Ligand SMILES: [Mg+2]
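Numbering (this note's numbering), first residue to last: 4 to 236.
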């Protein structure tokens, strides 16, 4: 196992929301609308902590907020897909890539380090967001893990590792990184033995990310000393 930084990684698995970009609430609004259109009732998101959850979990929680059970999850996700596809232009207008992301993505690409996503987003929504951000390529979608790749974030990440490395994936986790913005990204990485960098560009503050056991915790990817720490130089 190589204990140095990202510069010697075999692959980087990016979280999307709060890590690479924000879609300015457009996708979140579509999710609430999807639940309302399927059930006829507006969900009550107050008090639900969504960060790092995968879309089937979010659908389940939103349905529970209006006393509907999880049997409606597939219908909600199908409606979410439709609503986001109908708003591709709007997503493009509201999507903002966080400072330092593009430089790091390009630097990893120059170093021939493979990049994909491990995200709670269903694949079609992830594609719209990453397309709006102009990050595909070098980020590869075919080997990604998406909200519809499993029932938990760990299953989603495992799907990506299998796509990247095949059955040999357990031997490669020490040279593979997850970069995320929530304690759930870290818990996922730890469950699989993957290395983890957390960046405080999402809703979780830097202080709340520190002391959890991530390999690196960063204020932002544009911070020069943080970028050096992450790269391992
Ligand atoms: Mg996130």
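Note that the Cβ used here is the ideal one computed from N, Cα and C, for glycine as well. Owing to the predicted nature of the structure, the values given are computational and were not obtained by experimental measurement.
Which one of the options has the shortest CA to CA distance from residue i?
| i | options | result |
| --- | --- | --- |
| residue 140 | 47, 115, 215, 98 | 115 |
| residue 40 | 195, 84, 95 | 84 |
| residue 91 | 52, 136, 170, 72 | 136 |
| residue 142 | 187, 107, 207, 69 | 107 |
| residue 152 | 57, 219, 176, 95 | 57 |
| residue 50 | 67, 38, 42 | 67 |
| residue 80 | 19, 14, 126 | 126 |
| residue 26 | 212, 124, 214, 43 | 124 |
| residue 77 | 59, 89, 168 | 59 |
| residue 205 | 10, 176, 186 | 186 |
| residue 87 | 213, 193, 133 | 133 |
| residue 284 | 117, 128, 190, 109 | In this structure the chain extends from 4 to 236, so residue 284 is not present and cannot be described. |
| residue 20 | 71, 170, 225, 121 | 121 |
| residue 22 | 188, 231, 95 | 188 |
Quick check: what's the CA-CA separation for residue i versus residue j?
| i | j | result |
| --- | --- | --- |
| residue 234 | residue 179 | 13 Å |
| residue 17 | residue 181 | 6 Å |
| residue 227 | residue 35 | 38 Å |
| residue 195 | residue 146 | 17 Å |
| residue 223 | residue 45 | 35 Å |
| residue 173 | residue 161 | 10 Å |
| residue 216 | residue 183 | 13 Å |
| residue 201 | residue 154 | 23 Å |
| residue 177 | residue 102 | 27 Å |
| residue 175 | residue 193 | 14 Å |
| residue 131 | residue 69 | 29 Å |
| residue 11 | residue 74 | 44 Å |
| residue 213 | residue 190 | 13 Å |
| residue 246 | residue 28 | No statement about residue 246 is possible, as the shown extent of the chain runs from 4 to 236 and does not include it. |
| residue 7 | residue 104 | 20 Å |
| residue 119 | residue 42 | 34 Å |
| residue 157 | residue 210 | 24 Å |
| residue 110 | residue 219 | 18 Å |
| residue 203 | residue 169 | 32 Å |
| residue 148 | residue 159 | 5 Å |
| residue 13 | residue 71 | 43 Å |
List the residues that DSSP assigns as beta-bridge partners of residue i.
| i | result |
| --- | --- |
| residue 181 | 16, 199 |
| residue 80 | Residue 80 is not bridged to any residue. |
| residue 91 | DSSP, once it has assigned bridges, lists no residue as partnering residue 91. |
| residue 220 | 201 |
Can you list, in chain order, every residue whose CB sits closer than 7 Å to a heavy atom of ligand 1? 18, 19, 20, 21, 22, 54, 55, 183, 184, 185, 188, 205
In chain order, each beta strand (DSSP E) run of at least 3 residues that lies wholly inside the region 94-163: 117-120
What beta strand (DSSP E) runs, 3 residues minimum, are completely inside the region 7-66? 14-17
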